[in-house]
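Trainee: Residue numbers (our numbering), protein chains in the order written: chain A, 233 to 347; chain B, 233 to 347. For glycine and all other residues, C-beta sits at the position ideal for the given N, C-alpha and C. This structure is a prediction, so every number in the text was calculated from the model and none was measured. Would you mind keeping the following structure in view while I ask a few things?
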DNA sequence: CTCATTTGCAACCTCCTGGTTGCATATTAT
DNA sequence: ATAATATGCAACCAGGAGGTTGCAAATGAG
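Given below as structure tokens:
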């Protein structure tokens with residue numbers, strides 16, 4: 233509990249942070265679209281499309297798993313990865329929320345100015 | 233030209249990467265909600281709510297600006313920051329796109345399996 | 001004018017992230 | 001049985017991200 237990096241003071245859903253962080257990397261975003269377009273795939277298959285190492289891809293996939301963005305299941309000697317759709321909707325919903333919050337704030341400000 | 237087959241040099245909006253990266257930090261996400269709730273604010277005002285230094289906040293704001301998430305204008309001796317709403321919608325739209333792409337892929341797979 | 005406020009700039013530090021290589025292990029193919 | 005394939009694990013490394021401190025320059029207030 234005595235983690236050094238604890239500057240957060242808000243009650244905002246911390247879940248979204250790791251989710252956005254997971255999406256905020258070119259290779260990871262590329263993996264997302266890859267898994268979208270071509271469905272569940274093994275690591276080597278995913279690696280074949282990229283120019284970085286298999287282990288690097290694996291690490292990225294783990295990050296995505298940590299964020300709840302992707303899951304893996306073992307099939308034979310290969311590990312097949314797929315996306316968790318629910319999670320993307322969470323992110324989208326969060327952005328919607330922020331957007332609406334913003335609208336509300338703007339509304340208040342406008343009212344304030346108009347008085 | 234809607235050919236969609238190239239693995240690396242794709243038509244994916246690279247813009248979104250920095251946007252998601254900008255959102256993928258607890259303090260930055262906190263700043264977003266702060267700017268949402270309380271409207272445009274100066275740096276010191278934003279710093280007052282956090283435990284980290286003014287310079288750290290400034291750096292975060294610059295990152296957000298780089299991603300197109302926030303803008304600043306000078307007013308007197310203070311710099312007032314506000315969000316760029318369009319940008320959030322871009323992110324939301326991108327997530328929607330991914331989601332729909334995914335649905336399409338799932339549809340194809342299902343059809344494939346059912347045959 | 002003088003002083004306090006607000007910001008910017010630059011240097012510096014620490015630690016995490018993204019990436020690599022090497023080796024071990026499990027599973028499939030011949 | 002032996003070879004090839006697919007993955008996991010661990011050590012290691014460079015660079016960038018997040019944070020701090022110190023100082024200088026505008027701008028506003030008394």
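Compare the C-beta of residue 330/A with all C-beta atoms of chain B and state if any pair is closer than 8 angstroms.
Mentor: Here residue 330/A is taken as the residue at index 98 of the first chain, counted from 1. Taking Cβ atoms only, chain B reaches closer than 8 angstroms to residue 330/A, which makes this a yes.
Trainee: Alpha helix (DSSP H) containing residue 265/A: first to last residue?
Mentor: Numbered from its first residue, the first chain carries residue 265/A at position 33. Per DSSP, residue 265/A belongs to the alpha helix (DSSP H) from 258–270.
Trainee: Taking residue 337/B as the reference, give the member of 296/A, 272/A, 282/A and 325/A with the closest Cα.
Mentor: The residue labelled residue 337/B in the question sits at position 105 within the second chain. Among 296/A, 272/A, 282/A and 325/A, the Cα nearest to that of residue 337/B is on 272/A.
Trainee: Would you kindly work out how many angstroms separate the C-alpha atoms of residue 266/A and residue 251/B, rounded to a whole number?
Mentor: Your numbering for residue 266/A matches position 34 in the first chain. Your numbering for residue 251/B matches position 19 in the second chain. Those two C-alpha atoms are separated by around 20 angstroms.
Trainee: In chain B, what lies closer than 9 angstroms to residue 302/A by C-beta?
Mentor: Within the first chain, numbered from 1, the residue matching residue 302/A stands at position 70. Near residue 302/A there are no residues of chain B at all, since even the closest Cβ is about 12 angstroms away, more than 9 angstroms.
Trainee: With a threshold of 8 angstroms between beta-carbons, can residue 233/A be considered close to chain B, or not?
Mentor: Here residue 233/A is taken as the residue at index 1 of the first chain, counted from 1. Because the pLDDT at residue 233/A is just 36, under 50, the model does not fix this residue reliably, and the value given afterwards should be weighed accordingly. False, the Cβ-Cβ gap to chain B never drops below 8 angstroms.
Trainee: Indicate whether the contact test is met: 3 or more Cβ pairs, each with one atom in the segment 306–313 of chain A and one in the segment 274–283 of chain A, closer than 8 angstroms.
Mentor: Touching, yes, given that three or more Cβ pairs across the two stretches are closer than 8 angstroms.
Trainee: Pull the bridge partners of residue 334/A from the DSSP assignment, please.
Mentor: Against the first chain, residue 334/A aligns to sequence position 102. Residue 334/A is not bridged to any residue.
Trainee: Looking at the C-beta of residue 248/A, does it have a partner C-beta in chain B at a distance below 8 angstroms?
Mentor: Here residue 248/A refers to the residue found at position 16 when the first chain is read from its first residue. So yes, residue 248/A belongs to the interface.
Trainee: Residue 254/B to residue 281/A, Cα distance in whole Å?
Mentor: Position 22 of the second chain, counted from the first residue, corresponds to residue 254/B. Position 49 of the first chain, counted from the first residue, corresponds to residue 281/A. Cα-Cα distance, rounded: 27 angstroms.
Trainee: Alpha carbons only, please: which of 296/A, 287/A and 316/A is nearest the one belonging to residue 256/A?
Mentor: Working through the first chain from its first residue, we reach residue 256/A at position 24. Closest by alpha carbon: 296/A.
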